[in-house]
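Each residue of the sequence shown is one higher than the one before, starting from 14 at the first, in my numbering. Heads up, the beta-carbon is just placed ideally off N, CA and C, and yes, glycines get one too. Here is the structure we will look at.
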Amino acid sequence: MLSRHLGKWEFRPDQLEMAREVEAAIDEQRHLIVEAGTGTGKTLAYLVPLIAAGRRAVISTGTKNLQEQLFQKDIPFLERALGRKLRVAYMKGRANFLCREKLYAAEKRPVLEGLEEVTDFSVIQEWEPETETGDRAELRRLPADSSLWPKLDARRELCSGQKCEQFDRCFITQMHRRAREADIVIVNHHLFFADLALKENDFGAILPQHQVVVFDEAHEIENVAGQHFGVQISNYRFEELARDIQAVAAREGFGSAELDRAVNALRIRSEEFFALFDEVQDRRGFRDREQFIRKHERECSGLSAALQALGGRLKLVRERTDEILPLENRVVELTGALQTILEGDDAVFVYWVERRGRGVFLQATPIDVAEILAERLFAAVDSVVLTSATLAVNEGFEFMRTRLGLDAPRELLAPGHFDYRGQALFYVPEHLPDPRDPQFAARAAAEAARLLACSRGRAFVLFTSYRQMHIFHRQISFSLEFPCLLQGQAPHSALLEEFRETPHSVLFATASFWQGVDVPGESLSAVIIDKLPFAVPSDPIVDARIRKIRQDGGKPFAEYQIPSAVLALKQGFGRLIRSAADRGLLALLDKRILKQAYGKIFFDSLPDYTFTTCLQDVEEFFES
Ligand code: SF4
Numbered sequence: 014m015l016s017r018h019l020g021k022w023e024f025r026p027d028q029l030e031m032a033r034e035v036e037a038a039i040d041e042q043r044h045l046i047v048e049a050g051t052g053t054g055k056t057l058a059y060l061v062p063l064i065a066a067g068r069r070a071v072i073s074t075g076t077k078n079l080q081e082q083l084f085q086k087d088i089p090f091l092e093r094a095l096g097r098k099l100r101v102a103y104m105k106g107r108a109n110f111l112c113r114e115k116l117y118a119a120e121k122r123p124v125l126e127g128l129e130e131v132t133d134f135s136v137i138q139e140w141e142p143e144t145e146t147g148d149r150a151e152l153r154r155l156p157a158d159s160s161l162w163p164k165l166d167a168r169r170e171l172c173s174g175q176k177c178e179q180f181d182r183c184f185i186t187q188m189h190r191r192a193r194e195a196d197i198v199i200v201n202h203h204l205f206f207a208d209l210a211l212k213e214n215d216f217g218a219i220l221p222q223h224q225v226v227v228f229d230e231a232h233e234i235e236n237v238a239g240q241h242f243g244v245q246i247s248n249y250r251f252e253e254l255a256r257d258i259q260a261v262a263a264r265e266g267f268g269s270a271e272l273d274r275a276v277n278a279l280r281i282r283s284e285e286f287f288a289l290f291d292e293v294q295d296r297r298g299f300r301d302r303e304q305f306i307r308k309h310e311r312e313c314s315g316l317s318a319a320l321q322a323l324g325g326r327l328k329l330v331r332e333r334t335d336e337i338l339p340l341e342n343r344v345v346e347l348t349g350a351l352q353t354i355l356e357g358d359d360a361v362f363v364y365w366v367e368r369r370g371r372g373v374f375l376q377a378t379p380i381d382v383a384e385i386l387a388e389r390l391f392a393a394v395d396s397v398v399l400t401s402a403t404l405a406v407n408e409g410f411e412f413m414r415t416r417l418g419l420d421a422p423r424e425l426l427a428p429g430h431f432d433y434r435g436q437a438l439f440y441v442p443e444h445l446p447d448p449r450d451p452q453f454a455a456r457a458a459a460e461a462a463r464l465l466a467c468s469r470g471r472a473f474v475l476f477t478s479y480r481q482m483h484i485f486h487r488q489i490s491f492s493l494e495f496p497c498l499l500q501g502q503a504p505h506s507a508l509l510e511e512f513r514e515t516p517h518s519v520l521f522a523t524a525s526f527w528q529g530v531d532v533p534g535e536s537l538s539a540v541i542i543d544k545l546p547f548a549v550p551s552d553p554i555v556d557a558r559i560r561k562i563r564q565d566g567g568k569p570f571a572e573y574q575i576p577s578a579v580l581a582l583k584q585g586f587g588r589l590i591r592s593a594a595d596r597g598l599l600a601l602l603d604k605r606i607l608k609q610a611y612g613k614i615f616f617d618s619l620p621d622y623t624f625t626t627c628l629q630d631v632e633e634f635f636e637s
């Protein structure tokens with residue numbers, strides 16, 4: 014059927030095998046884990062048996078690109094091939110949608126600041142009666158950074174739910190209705206786990222009941238699940254609460270001098286509290302909390318008291334409009350979260366703090382999500398299908414199964430459709446010093462420059478740390494005759510765009526470019542990686558996981574650090590060969606892969622690339 018409808022159809026045995034596995038898993042109500050190498054055609058391999066089974070399924074993806082590919086390309090293609098309409102809903106986070114109630118309220122009582130907001134307002138006003146979905150992605154004329162949109166979006170925090178006059182016409186209600194009527198619901202991992210965590214709190218589910226879940230890009234779910242089953246507070250959450258209370262009070266007419274004083278006190282106390290973390294760079298553990306509270310008693314109890322006073326003030330508002338209860342709930346939620354972060358003594362959590370730009374985030378994250386997922390996901394859904402190009406270590410799934418709490422699933426390794434031996438050369442320079450040697454950075458950077466001369470730029474140089482990235486960039490970027498881009502110079506998507514559009518460019522980057530980045534064709538002809546990407550204990554979550562494995566009598570290096578490094582390396586190298594026509598060099602500047610016993614696990618886990626330690630082979634590869 015597919016061959017009749019797809020002009021460039023190629024028969025792929027792996028794709029068929031994967032489809033049969035998905036079909037069997039659904040039939041037998043079992044779970045399935047599939048590593049599907051790039052080029053397997055995995056989306057059709059799970060969509061076809063899902064549709065044939067006729068059971069309600071949720072497909073959860075790691076990236077927006079994949080969600081859009083499913084909804085706009087793969088599903089319409091299958092509809093044409095099958096000759097029938099499929100009932101598919103695409104669900105997104107609430108902040109993507111317009112809140113009609115807020116828009117109408119703003120028409121009566123303007124909330125606009127500046128000329129740009131006035132223009133944006135009329136764009137949204139014109140669009141509202143026409144749009145069927147209320148999804149801002151339709152609004153191409155609205156600037157991406159519009160300051161008006163956050164005042165009018167449908168975030169849960171300011172929604173009065175069924176009490177709202179617009180509830181039946183609300184775009185969120187309609188999205189939920191479409192999802193209830195659909196056979197397939199497409200979401201992203203964040204929405205999926207937010208839903209699972211909400212169900213846990215019995216606070217109202219987002220997703221309709223379903224019997225099958227497919228996680229595409231499933232290698233990401235441990236971290237995403239951790240975020241949603243934990244607790245987080247940030248200076249932004251306090252600022253937003255203060256702003257929303259004042260905006261609602263102005264709109265609903267319950268503002269008062271006392272309320273203003275309580276809101277301002279919260280702002281001041283929040284600033285004082287979060288300023289205590291001024292010296293934090295990136296991420297670090299938040300371990301000695303008892304001592305912290307003793308030392309900063311005034312700031313900690315001050316913030317807590319300001320929240321309580323504000324909650325009390327809201328209770329005194331006489332005109333009980335529908336908007337007040339959600340605000341009160343937020344005060345209660347934040348009070349509980351602050352208390353958990355400061356005083357929680359649950360050993361299953363790791364407590365940590367992170368700075369991102371102006372934001373300070375304090376978090377309690379479960380060290381291990383395996384038990385949570387075993388109970389809330391794998392025991393609750395008939396069939397869960399996990400798929401990605403990187404799930405297997407040493408040709409097995411034990412690591413993933415243990416991390417995720419998945420017991421005895423069906424398993425399949427589908428290596429993919431590419432001729433890796435013919436398409437990629439894997440080079441390890443044996444003559445470089447060990448990465449722990451002080452000479453390493455200078456010598457490895459010079460080697461990277463030689464490789465970039467062979468590939469004529471057109472490369473990602475990927476690093477395991479920012480520090481190393483800057484050292485390499487400083488040392489070689491001025492002498493390279495190719496345009497050099499550096500992570501941090503511009504937003505992620507802008508850098509990638511520039512890389513695609515600038516011939517022979519070289520991008521120096523760290524972790525966020527190791528996965529989900531797709532540059533097919535000649536613009537990317539080499540991926541150079543500085544070191545084996547071992548997770549380091551300086552990261553608080555990694556540190557907590559390592560300690561836990563050790564406490565439980567395990568060996569963290571063998572059981573956690575090596576397997577996660579294998580998967581990260583596969584991800585990084587996976588950037589190179591994205592189509593059957595791609596060809597290029599993979600270079601790892603870390604000779605430990607040759608010298609240490611664990612190196613074999615890396616080799617056995619990677620695709621069957623042609624391997625060399627000889628620079629001349631690299632030169633000849635690019636000359637041929
Ligand atoms: S139900 Fe909530 S999101 Fe929908 S229009 Fe009303 S307030 Fe806005």
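- Message: Going by DSSP in three states, D644 sits in which element: helix, strand or coil?
- Response: Outside the shown range of the chain (14 to 637) lies residue 644, about which nothing can therefore be said.
- Message: Alpha carbons only, please: which of L509, L386 and A262 is nearest the one belonging to E332?
- Response: A262
- Query: Is it buried or exposed for W22, if we count other Cβ within 10 angstroms and need 16 for buried?
  - Reply: exposed
- Query: Between which two residues does the alpha helix (DSSP H) carrying Q245 extend?
  - Reply: Not the alpha helix (DSSP H): Q245 falls in the beta strand (DSSP E), residues V244 to S247.
- Item | L601 vs V540 beta-carbon contact at 7 Å | no
- What's the call for D208, buried or exposed, on a 16-neighbour Cβ count within 10 Å? buried
- Out of curiosity, what's the CA-to-CA distance linking A65 and Y117? 44 Å
- Query: Are there three or more Cβ pairs, one per stretch, closer than 8 Å when the region 416-424 is compared with the region 38-46?
  - Reply: Between the region 416-424 and the region 38-46, the count of Cβ pairs shorter than 8 Å is three or higher; the stretches touch.
- Item | Where S538 sits in the DSSP three-state scheme | In this structure, S538 counts as coil in the three-state DSSP scheme.
- Task: Would you kindly report the start and end of the unbroken beta strand (DSSP E) that includes C497?
- Result: C497 to L499
- Please list the segments of the beta strand (DSSP E) lying wholly inside the region 158-213, counting only runs of 3 or more residues, in order along the chain. Qualifying beta strand (DSSP E) stretches, in chain order: 197-201.
- Would the beta-carbon of T515 fall within 7 Å of that of P496? yes
- Item | Identity of the residue in F431, V406, A383 and D543 nearest A459 by Cα | D543
- Coil, strand or helix - P379 by DSSP: strand
- Can A472 and V519 be called in contact, C-beta distance under 7 Å? yes
- Query: What are the complete alpha helix (DSSP H) segments, minimum 4 residues, inside the region 418-455?
  - Reply: 433-436
- Quick one: is D229 buried, meaning 16 or more other Cβ sit within 10 Å of its Cβ, or exposed? buried
- Query: Terminal residues of the continuous beta strand (DSSP E) containing R296?
  - Reply: R296 to G298
- Message: Judging by CA-CA distance, which residue of M14, L347 and G50 is the nearest neighbour of F431?
- Response: G50
- Item | A167 Cβ short of 6 Å to the ligand SF4 heavy atom set | yes
- Query: Given 8 Å as the limit, is there contact between the region 300-307 and the region 265-277, that is, 3 or more CB pairs closer than that?
  - Reply: The region 300-307 is not in contact with the region 265-277.
- So what does DSSP say about I590, is it helix, strand or coil? coil
- Message: If I measure Cβ to Cβ from Q574 and keep anything under 6 Å in the same chain, skipping five residues before and after, which residues do I get?
- Response: F547 and A548
- Task: Below 6 Å CB to CB, which residues in the same chain sit around G75 once its five sequence neighbours on both sides are set aside?
- Result: Taken in chain order, the residues that qualify are H202, E230 and E233.
- Query: Below 7 Å between beta carbons: does that hold for F453 and P446?
  - Reply: Contact: yes.
- Message: Taking 7 Å as the threshold (C-beta atoms), are D257 and L320 in contact?
- Response: Going by beta carbons, L320 and D257 fall outside the 7 Å limit.
- Query: Name the DSSP beta bridge partners of F521, please?
  - Reply: V474 and L499
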